[in-house]
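In what follows, a single structure is set out as structure tokens and then discussed.
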Amino acid sequence: MNIRTPLAIAACMALVACSSGHDNFDKSTQYGPDPQLPEPSRTLLPRMGISKVVGWHPGEAPTVPQGFKIEAIATHLSNPRNVLALPNGDLLVVESQKDGKEPLERPKRKVMDWIEAKAHGGTGNGPSNRILLLRAGADGKPAEQTVLIDNLNAPFGVALVGDSLYVADTDAILRYPYKVGDTKVGGDATKVVDLPAGPIDHHWTKSLTASPDGSMLYVGVGSNSNILERGIAAEMNRADILEVDPKTGAFDVFAHGLRNPNGLTFYPGSNTLWTVVNERDELGPDLVPDYMTSVKRGAFYGWPYSYWGQNVDERVRPQRPDLVKAAIKPDYGLSSHVAPLGLAFYTGSSFPAQFKGGAFIGEHGSWNRPERNGYKVVFVKFENGKPVGQPIDFVTDFLKGDDARGRPVGVAVDKSGALIVADDVGNTVWRVTANGATG
Amino acid sequence: MAELVRHVETSGVARVTAPIYVLLFPVPVVLFIAALVTDIAYAKSATITWLNFSEWLIAAGLLFGALALIVLIVEFCASRAIRAGVGWAHLVLFVAALVVELFSMFIHTRDGWTAVVPAGMTLSILGVLLALCAVGTLFRVPVTWVTYREVAYREALS
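These protein sequence lines map, in sequence, to chains A and B. At position 134 of the first sequence the residue is numbered 134 (the numbering used here), and the sequence of numbers has no breaks. Here the numbering used here runs 1000 ahead of the position in the second sequence, where the first position is 1.
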């Protein structure tokens, strides 16, 4: 007995520690409009796989398919999370990190902070929370790097409408007078509207885009929780896409129930808004698939009460059968926990014809499953404005073993038709060109 | 009584640990009971604050429980008296309560309803029952904890 009791405790602990990492589920069944949804599976502890950040060694780069090449056009940045390609070929790179910690409402928060810190590596190289302008040199490569806007507050979204540059800080949309071609903004910021922010500000990235005619702005506001575990009051105007009138700052909820919508982009030549959404955690390694979807005005996409249509999430109380009934299914599953944060439609012409009009998606990568998922840029072909087929891995090998050399976030297509990828923990901006393409 | 006191003095360690244990042991018991109360409050109201309370109470209970357990184990190693009496029953019940509450803690870290209903609350009830049984072993002798050991020692000798 003397020795058996501690042994029994040790055995229990071991059982907890190695809750199975085995996963037989074929994740390719979760691509497309009708993903397989296994039953929710809950282990004693959520299954995790957190990639330690090791960064890129000199000479290392992600892998691209045959016929393409990739190069770093800016390195040693400080958490670059988003890119905007300007019509003259300049690139705006948004360096961003959230200041301040979330309130400690429960002991679990400490563990989550540790996980997030580990998955995110260091704080980058020097000052962040600013927008850099990368200007192409004569050979088509950015040679010049200037700070366009400094001292922002965790910025993410940027949109250019005429001579106005809109920046979505985590707490407000700002407007700067800016003429394409300038290396300076033409004056101080004007606040368009406040956005839901502190003191929690869990999903803090505010994705931003403008309608094709420039009359309205659309901003993605992620939820403050996984599935409402911080109470309904914390979710005011969150898990929503807001439609903002840039002239007056008046806003309306455009669509709701999108847990963490990012990559807001209008499909080229249309008035259809698209987004990629990070779905909920802790229902198992293969629930819930993240997705890409066109966004219908006024529609409800399920969060937090249900997922992928009418699949009720039993963790959320009180339940809302009325809302669940109205929940619509997203257009295209990307498989679970890939964390899509960037979306860009291919509008260039230097890539082969099949890429025209298709979607590049930056998948930041998983933590809530033992076997890593995401950590790459995928391409989804579009036909008649709709996604078709399975995604193609386009920029890969951000992982080395289970360590993260980089993690892709925002993506953009530049004037020459090259794909630009912001890599936040790699502190690099990558440019992918087709062999034989000029520029 | 004089004879009993003489026996106690044979374990110097126990003379130090016993009063510490008397202070520490009730803390986790009370915290686990409080966590059961907040679990019930959450199950009744679905107000998330109660779930947060439960998580803090169980975590604090485990912290103080671990400290108490360390003191108890030291005492076990040092004192024949406690090994000879109802000490074993007390140790086993207390460890069982802590193990159950540890599992309960993991369940309570889930988000929302399934952190409590049904598994979290079931474990809370079980943990509290085991902790109360561990308390019960102390009532075998209706005197203070130190004196209990004295009596136990005398029983073992006789």
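Each residue gets a CB set at the ideal place from its N, CA and C atoms; glycine is no exception.
Short CB-CB distance (under 8 Å) between G231 (chain A) and chain B: Under the 8 Å criterion on CB atoms, G231 (chain A) is classed as interfacial with respect to chain B.
Members of the segment 205–230 of chain A near chain B, C-beta cut-off 8 Å: Answer in chain order: S225, N226, I227, L228, E229 and R230.
Within chain B, partners of V316 (chain A) - CB distance below 8 Å: Under the 8 Å cutoff, chain B gives G1112 and W1113.
Neighbourhood of N458 (chain A) by C-beta, 8 Å cutoff - its chain only, sequence neighbours within 5 removed: What is shown of chain A runs 1 to 439, which leaves residue 458 (chain A) out entirely.
Proximity winner among B:E1055, B:V1128, B:L1063 and B:L1130, relative to A1115 (chain B) (alpha-carbon distances): Ranked by how close their Cα comes to the Cα of A1115 (chain B), the residues B:E1055, B:V1128, B:L1063 and B:L1130 have B:E1055 in first place.
Bridge partners - Q310 (chain A), DSSP secondary structure assignment: DSSP, once it has assigned bridges, lists no residue as partnering Q310 (chain A).
Min CB distance L45 (chain A) to chain B below 8 Å: Yes, its Cβ sits closer than 8 Å to a Cβ of chain B.
Interface positions of the segment 1042–1057 of chain B facing chain A (Cβ-Cβ less than 7 Å), listed along the chain: Here the close residues are A1046, I1048, N1052, E1055 and W1056.
Continuous alpha helix (DSSP H) assignments of at least 4 residues falling wholly in the segment 1078–1145 of chain B: As far as the segment 1078–1145 of chain B is concerned, its whole alpha helix (DSSP H) runs of at least 4 residues are 1080–1084, 1087–1108 and 1119–1137.
Chain A contact for F1109 (chain B) (CB, 8 Å cutoff): It is worth fixing the name first, because residue 1109 (chain B) is Thr in this sequence and not Phe. Put simply, the CB of T1109 (chain B) is near chain A, with a gap under 8 Å to one of its CB atoms.
Residue from A:L104, A:I73, A:Y166 and A:K376 whose Cα sits closest to the Cα of S366 (chain A): Residue nearest to S366 (chain A) within the set A:L104, A:I73, A:Y166 and A:K376 is A:K376 (criterion: CA-CA distance).
Inter-residue Cα distance where the pair is L323 (chain A) and P35 (chain A): C-alpha separation (whole angstroms): 22 Å.
CB contact below 8 Å: F1159 (chain B) versus chain A: Any property of residue 1159 (chain B) remains undetermined from this structure, which presents chain B solely from 1001 to 1158.
Contact belief for A1068 (chain B) with F1025 (chain B) at Cβ below 8 Å, rounded distance in angstroms: At roughly 5 Å, the Cβ-Cβ gap stays under 8 Å, so A1068 (chain B) and F1025 (chain B) are in contact.
Assigned secondary structure, G21 (chain A) (DSSP; H/G/I helix, E/B strand, else coil): The predicted position of G21 (chain A) is uncertain, since its pLDDT is 44 and thus under 50; no value can be drawn from it.
Alpha carbon of D252 (chain A) to alpha carbon of L217 (chain A), nearest angstrom: Cα atoms of D252 (chain A) and L217 (chain A): separation of roughly 11 Å, rounded to the nearest angstrom.
Under 8 Å between C-beta atoms of G426 (chain A) and R405 (chain A): In this structure, the beta-carbon distance from G426 (chain A) to R405 (chain A) falls below 8 Å.
Interface flag, F1025 (chain B) vs chain A, CB-CB below 8 Å: So, not an interface residue.
Of the residues A:I420, A:V54 and A:R47, the one placed nearest G401 (chain A), counting alpha carbons only: It is A:V54 whose Cα lies nearest to the Cα of G401 (chain A).
Extent of the continuous beta strand (DSSP E) to which S334 (chain A) belongs: Checking the displayed sequence, the identity of residue 334 (chain A) turns out to be Leu instead of Ser. First-last of the beta strand (DSSP E) with L334 (chain A): Y332 to S336.
Beta carbon proximity, A1160 (chain B) to chain A, threshold 8 Å: In the structure as shown, chain B starts at 1001 and stops at 1158, and residue 1160 (chain B) therefore has no counterpart that could be examined.
Residues that DSSP places opposite L228 (chain A) in a beta bridge: Residue pairing by DSSP leaves L228 (chain A) without any beta bridge partner.
Contacting residues, own chain, Cβ-Cβ under 7 Å from F351 (chain A) (five flanking each side not counted): G417 and A434, listed in sequence order.
Sequence-distant residues of the same chain with beta carbon closer than 7 Å to L1036 (chain B), five excluded per side: Excluding positions up to five away in sequence, the list reads S1124, I1125 and V1128.
Paired residues, beta bridge with D99 (chain A) - DSSP: Beta-bridge analysis with DSSP links D99 (chain A) to no other residue.
As assigned by DSSP and simplified to three states, the class of M470 (chain A): Absent from the model: residue 470 (chain A). The displayed extent of chain A is 1 to 439, so no value can be given.
Test: F1094 (chain B) CB closer than 8 Å to a CB of chain A: It does not; no Cβ of chain A falls within 8 Å.
Local conformation of V1008 (chain B) per DSSP, three classes: Its pLDDT being 46, under 50, V1008 (chain B) is placed unreliably by the model, and nothing is read from it.
8 Å Cβ cutoff, G21 (chain A) in contact with chain B: At G21 (chain A) the pLDDT is 44, less than 50, meaning the model places this residue with poor confidence; the figure from the coordinates comes in the next sentence. No, G21 (chain A) does not count as interfacial toward chain B.
Under 7 Å from the C-beta of F1103 (chain B): neighbouring residues of chain A: Those are L44, listed as they occur along chain A.
Chain B contacts from the segment 241–271 of chain A (Cβ-Cβ distance under 9 Å): Correct list: empty, as no residue qualifies.
Positions along the segment 1056–1072 of chain B whose CB lies within less than 8 Å of some CB in chain A: Those residues of the segment 1056–1072 of chain B that come within reach of chain A (Cβ to Cβ, closer than 8 Å) are W1056 and A1059.
Range covered by the beta strand (DSSP E) that runs through P408 (chain A): P408 to V413 is the span of the beta strand (DSSP E), which, as asked, contains P408 (chain A).
Separation of P80 (chain A) from E144 (chain A), as counted between CA atoms: For E144 (chain A) and P80 (chain A), the distance between alpha carbons rounds to 17 Å.
Per-residue burial, W274 (chain A) [other beta carbons within 10 Å of its own, 16 or more giving buried]: Buried, because 16 or more other Cβ atoms sit within 10 Å of the Cβ of W274 (chain A).
Chain B contacts made by the segment 98–120 of chain A, where a contact means CB separation under 7 Å: Flagged, chain order: E105, R106, P107 and K108.
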